[in-house]
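Undergrad: The following block contains the structure, expressed as structure tokens.
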Amino acid sequence: MTRRIETAVLISGRGSNMASLIEAAAAPDYPARIRLVISDRRDAGGLSAAQAAGVAALAIDAKAAGGRAGFEAALDTGLRQRGIELICLAGFMRILSAEFVSRWRGRALNIHPSLLPAYKGLDTHARALADGAREHGCTVHWVTPELDSGEIVAQARVPVLPGDDADRLAARVLAQEHKLYPSALREVCLGLLAAQCGLGSLSTAR
Ligand code: GRF
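So for the sequence shown, the working numbering puts the first residue at 2; every next one is plus one.
See below:
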């Protein structure tokens with residue numbers, strides 16, 4: 002395969018989902034190239050993991066950039082300078098403005114640790130347990146201005162087991178996240194590449 006979708010991963014912390022994307026993209030036939038990792042925190046563990054895997058890693062400090070507008074301007078510049086076509090949010094904890102999201106609409110994915118539309122926002126595992134949910138999971142979705150509300154790309158389910166606490170449930174979900182995100186990104190990129198080749202219009206031809 003020659004053409005791949007140039008992809009950046011945005012993180013704020015340990016970056017285990019980022020690592021699963023980098024690992025998947027190491028396969029020669031994977032349709033995305035992970036070109037860049039950007040964190041809004043200098044101390045994000047994922048930054049050194051990205052560098053160790055040979056991926057360019059950049060921290061943008063919002064305070065140093067002059068607040069939200071400065072942060073997003075630096076982010077947009079960093080992405081465009083490297084020819085990024087698609088963004089994967091992976092444990093990225095900063096809410097992006099509607100303006101930024103609109104600019105990247107249809108070009109930004111997120112992974113969320115619940116079966117959306119259930120449990121948008123934080124503390125998803127504890128909330129699922131508190132509700133007595135019997136099933137939980139994770140979702141890859143398109144990013145839209147409204148938090149955790151964009152069109153769903155893929156989901157994976159896990160059972161809630163007797164004796165689960167939030168950490169145990171989170172670990173079971175995370176193991177699924179590490180499979181779901183690479184497979185969802187693959188499908189999305191194959192779709193984008195097909196559309197760029199004009200193949201995408203075939204399915205809608207009348
Ligand atoms: C994951 O559970 C992801 O779904 C959520 O934040 C966590 C990030 O973990 N948005 P990691 O940094 O990818 O290890």
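C-beta atoms are modelled at their ideal positions from N, C-alpha and C, and glycine is treated no differently. Note that this is a predicted model, so its numbers are computed, not measured.
1. Look at L130 and D168 and say whether their C-beta atoms are less than 8 Å apart.
2. Comparing alpha-carbon positions, which option in Y120, A119, L97 lies nearest L110?
3. Would you tell me roughly how many angstroms separate the C-alpha atoms of A20 and V10, rounded to the nearest one?
4. Are I12 and A54 close, meaning C-beta to C-beta below 8 Å?
5. Pull up the DSSP beta-bridge partners for P160, would you.
6. Hey, quick one: how far does the alpha helix (DSSP H) through T3 stretch, first residue to last?
7. Any idea what DSSP makes of L123, helix, strand or coil?
8. Starting from the C-beta of A185, find all residues in its chain whose C-beta is less than 6 Å away, skip the five residues before and the five after it, and write them out in chain order.
9. With a threshold of 8 Å on Cβ separation, who are the neighbours of A171 within its own chain once the five nearest residues in sequence on each side are excluded?
TA: Taking the structure as given:
1. Mapped onto the sequence shown, residue 130 falls at position 129. Mapped onto the sequence shown, residue 168 falls at position 167. No; because the gap between Cβ atoms is not below 8 Å, this pair is not in contact.
2. As a first step, residue 110 must be located in the sequence shown, where it is residue number 109. Minimum Cα distance to L110 is reached at L97.
3. Position 19 of the sequence shown, counted from the first residue, corresponds to residue 20. Position 9 of the sequence shown, counted from the first residue, corresponds to residue 10. Their backbone Cα atoms lie some 10 Å apart in a straight line.
4. Translated into the one-based positions of the sequence shown, residue 12 becomes position 11. Translated into the one-based positions of the sequence shown, residue 54 becomes position 53. No, the pair does not count as a contact, with Cβ atoms beyond the cut-off.
5. Stepping through the sequence shown from its first residue, residue 160 is reached at position 159. Bridge partners of P160: E136.
6. Translated into the one-based positions of the sequence shown, residue 3 becomes position 2. T3 -> no alpha helix (DSSP H), and no H or E assigned at all.
7. Translated into positions along the sequence shown, residue 123 becomes position 122. The answer is coil: DSSP assigns L123 none of H, G, I, E or B.
8. To locate residue 185, count along the sequence shown from 1; it is residue 184. Here the set comprises V141, V154, A155.
9. Position 170 of the sequence shown, counted from the start, is the residue given in the question as residue 171. Once the five neighbours on either side are set aside, the close Cβ partners of A171 are P114, H126.
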